[in-house]
Amino acid sequence: MAKVVKFGGSSLADAKQFKKVAKIIEADKHRRYVIPSAPGKRFGADVKVTDMLYACYDAILAGRDAEVEFTPVAERFNGIIKDLGTSLNLTSEYERIIENFRKKSGRDYAASRGEYLNGLILADFIGYEFVDAAKAIHFRPDGTFDADLTDASLSMILESFRRAVIPGFYGAKPDGVIKTFSRGGSDFTGSIVAKAAKASLYENWTDVSGFLVADPRIVKNPEVIKTITYRELRELSYMGAGVLHEDAIFPVREAKIPINIKNTNNPEAPGTMIIPEADFSDKDPAKVITGIAGKKNFSVIHIEKDETNNEIGFLRRILTLFETEGVSFEHIPTGIDTMSIVVGSDVFEKHPRLTELIEKVAKPGHMDIEHNLALIAVVGRGMKERRGTATRIFAALSHANINIRIIDQGSSELNVIVGVGEEDFENAVRAIYDMFMLAE
Ligand code: ASP
120 MAKVVKFGGS
130 SLADAKQFKK
140 VAKIIEADKH
150 RRYVIPSAPG
160 KRFGADVKVT
170 DMLYACYDAI
180 LAGRDAEVEF
190 TPVAERFNGI
200 IKDLGTSLNL
210 TSEYERIIEN
220 FRKKSGRDYA
230 ASRGEYLNGL
240 ILADFIGYEF
250 VDAAKAIHFR
260 PDGTFDADLT
270 DASLSMILES
280 FRRAVIPGFY
290 GAKPDGVIKT
300 FSRGGSDFTG
310 SIVAKAAKAS
320 LYENWTDVSG
330 FLVADPRIVK
340 NPEVIKTITY
350 RELRELSYMG
360 AGVLHEDAIF
370 PVREAKIPIN
380 IKNTNNPEAP
390 GTMIIPEADF
400 SDKDPAKVIT
410 GIAGKKNFSV
420 IHIEKDETNN
430 EIGFLRRILT
440 LFETEGVSFE
450 HIPTGIDTMS
460 IVVGSDVFEK
470 HPRLTELIEK
480 VAKPGHMDIE
490 HNLALIAVVG
500 RGMKERRGTA
510 TRIFAALSHA
520 NINIRIIDQG
530 SSELNVIVGV
540 GEEDFENAVR
550 AIYDMFMLAE
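Residue numbers (the working numbering): 120 to 559.
Following this line, the structure appears as structure tokens:
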């Protein structure tokens, strides 16, 4: 049995954090595969090593000296080694990196060195084998991630190492050129490794004790979510509640491996368990709502045309237009003679002719656009087959004197989306939270 453990940048920001990480790994012999991020911020105004590396590489491209530019990065790593009190010497690694920077080996290569060097330090400190992600995580020549090849080769590699550190965030193309995932991508590497290792659990160690039921900037001291299904998380992360990289759930979800979000600074806290499917045996029966997430800055295009229900192809023509124009939409609530399309408000800047084109293809009787809308997703597997959830949401909003402008219940009965005016957003989230979390 193996557990895969990923540590974020703040968990490995300095030697003090490294020591906490080593203790966590030692505490459970099943924690066999470790995925480190690059050192993150030590204090508010600090700079993440990944950002230092991007800036360093850009300065070299602009003609500055590679050695001078790389020095602060080397100092940051040397500081960690010195404070850990180990005898590791990375001078030859630094020299090779500087040399490659001079050869302009790419921005991705530059950024990936944060994870690479941090991985070397961590492997040395905890006595684990180091596996370079360039040999284990594969990208295709066009730069897309090759999941099948990676899974096959990584499984083989892991079989030969009982314990290993595999740096997050990057891999390589067949020609050896380093490629990174998008920012925060070490979460994804952790998930890929968990799948290949057929892990029993993927622990994602960060600096919070799990997902919160609502945004703490809106709700005071919201509860931590104990368990959440992958589907619920999708509904919430899509609305912008990101502790975990969006893509990170896919490999483990496929393999039905749970993810545990844990806090390096408070390892005793249970954190949030992300589970493949609802486990009704462990579910707190009183909890209907798992989480509430929302976002401002949406607009609704209301389209009205008599007898649209009899006009075959009406919806298709509009959606085809959206497709050819490359406009994505959030929701499409419809009525007999009306349809509304909810879009991010920025689409009108990016596609100034959008409404004109809708007029042309759909010839609606009436069309208007409402701006300044906020969407709130109320998500919970406990809603299913339970009466009164929508009533309670509406009652909460009505008591708070908030006008609901859009309602959309997901067909899975997992979420209810309400649209309110942006000015009502925070009050609406608080009202819904209070109705479900305080009352129970
Ligand atoms: N270090 C990278 C970043 O800052 C990747 C990661 O931490 O997941 O985005």
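Glycine included, each C-beta is placed from N, C-alpha and C at the ideal position.
As the structure is a prediction and not an experimental result, all values here were calculated from the model.
As a quick exercise: from the options, pick the residue whose alpha carbon is nearest that of residue i.
| i | options | result |
| --- | --- | --- |
| H421 | M458, F433, E387 and L320 | M458 |
| A242 | F126, K317 and F189 | F126 |
| H560 | T439, G432 and S418 | For the chain, the structure presents residues 120 to 559; residue 560 sits outside this window and is missing. |
| P452 | T443, V462 and G445 | V462 |
| F448 | F433, F467 and F196 | F467 |
| R232 | E248, L209, Y247 and G246 | L209 |
| M556 | L331, R215 and I477 | L331 |
| D366 | P386, D294 and A266 | A266 |
| N416 | G445, D543 and F307 | D543 |
| D133 | S530, H364, F196 and Y247 | F196 |
| A318 | G304, V371 and N522 | V371 |
| V561 | R183, H257 and A174 | Because the chain spans 120 through 559 in this model, residue 561 falls outside it and cannot be assessed. |
| R353 | A496, A519 and V548 | A496 |
| G225 | T190, Y289 and I240 | Y289 |
| R281 | I521, A271 and H149 | H149 |
| L320 | V343, G410, I368 and I523 | I368 |
| E478 | F307, L355, K424 and I526 | K424 |
| I512 | S531, S305, V407 and N384 | V407 |
| I523 | A514, A283 and T474 | A514 |
| G238 | D294, M275, E186 and S305 | S305 |
| A412 | P377, D334, R350 and I276 | D334 |
| A374 | V362, V312 and I344 | V312 |
For the alpha helix (DSSP H) that contains residue i, what are its first and last residues?
| i | result |
| --- | --- |
| M275 | A266 to S279 |
| V343 | It is not in any alpha helix (DSSP H) - V343 carries neither H nor E in the DSSP assignment. |
| H518 | T508 to H518 |
| A291 | Premise fails: A291 lies in the beta strand (DSSP E), Y289 to A291, not in any alpha helix (DSSP H). |
| E478 | L473 to A481 |
| R549 | F544 to Y552 |
| I593 | Because the chain spans 120 through 559 in this model, residue 593 falls outside it and cannot be assessed. |
| K254 | A252 to A255 |
| I143 | A134 to E145 |
| V466 | V466 to K469 |
Expressed to the nearest angstrom, what Euclidean distance is found between the alpha-carbon atoms of residue i and residue j?
| i | j | result |
| --- | --- | --- |
| I393 | A291 | 29 angstroms |
| G128 | K201 | 19 angstroms |
| Y213 | T269 | 28 angstroms |
| I285 | A164 | 29 angstroms |
| F220 | Y235 | 15 angstroms |
| A493 | N534 | 16 angstroms |
| S279 | A316 | 11 angstroms |
| K298 | Y176 | 15 angstroms |
| Q572 | L516 | Given that the chain is displayed from residue 120 to residue 559, the structure contains no residue 572 and the question cannot be resolved. |
| G501 | G159 | 37 angstroms |
| R472 | T263 | 32 angstroms |
| P386 | N379 | 12 angstroms |
| L207 | E396 | 45 angstroms |
| P483 | G445 | 21 angstroms |
| I455 | E430 | 11 angstroms |
| E218 | S211 | 10 angstroms |
| G204 | E145 | 18 angstroms |
| A141 | R302 | 25 angstroms |
| T325 | F137 | 13 angstroms |
| D465 | D487 | 16 angstroms |
| G182 | K223 | 11 angstroms |
| P506 | V548 | In the sequence on display, residue 506 carries Arg and not Pro. Straight-line Cα distance between these residues: approximately 21 angstroms. |
| V480 | V539 | 29 angstroms |
| F189 | L172 | 8 angstroms |
| P341 | E545 | 14 angstroms |
Would you kindly report the start and end of the unbroken beta strand (DSSP E) that includes residue i?
| i | result |
| --- | --- |
| L320 | L320 to T325 |
| V312 | Where V312 is concerned, there is no enclosing beta strand (DSSP E), although the alpha helix (DSSP H) it sits in stretches over S305 to A315. |
| F126 | K122 to F126 |
| V535 | N534 to G540 |
| K298 | I297 to T299 |
| A493 | H485 to V498 |
| R150 | R150 to P155 |
| I337 | Where I337 is concerned, there is no enclosing beta strand (DSSP E), given that its DSSP letter is neither H nor E. |
| G463 | T457 to G463 |
Please report whether the beta-carbon of residue i lies at a distance below 8 angstroms from any beta-carbon of chain B.
| i | result |
| --- | --- |
| G163 | Included in the structure is just one protein chain, with no chain B present. |
Is residue i a contact residue of ligand 2, with contact defined as CB to any heavy atom under 7 angstroms?
| i | result |
| --- | --- |
| D306 | Ligands in the displayed structure: ligand 1; ligand 2 is not one of them. |
Original post:
Quick one: complete alpha helix (DSSP H) runs, 4+ long, within the region 162-227?
Top reply: 168-180, 185-203 and 210-221
**OP:** Could you tell me which uninterrupted beta strand (DSSP E) segments, each at least 3 residues in length, are contained entirely in the region 350-436, listed from first to last along the chain?
**Re:** 378-382, 391-394 and 410-423
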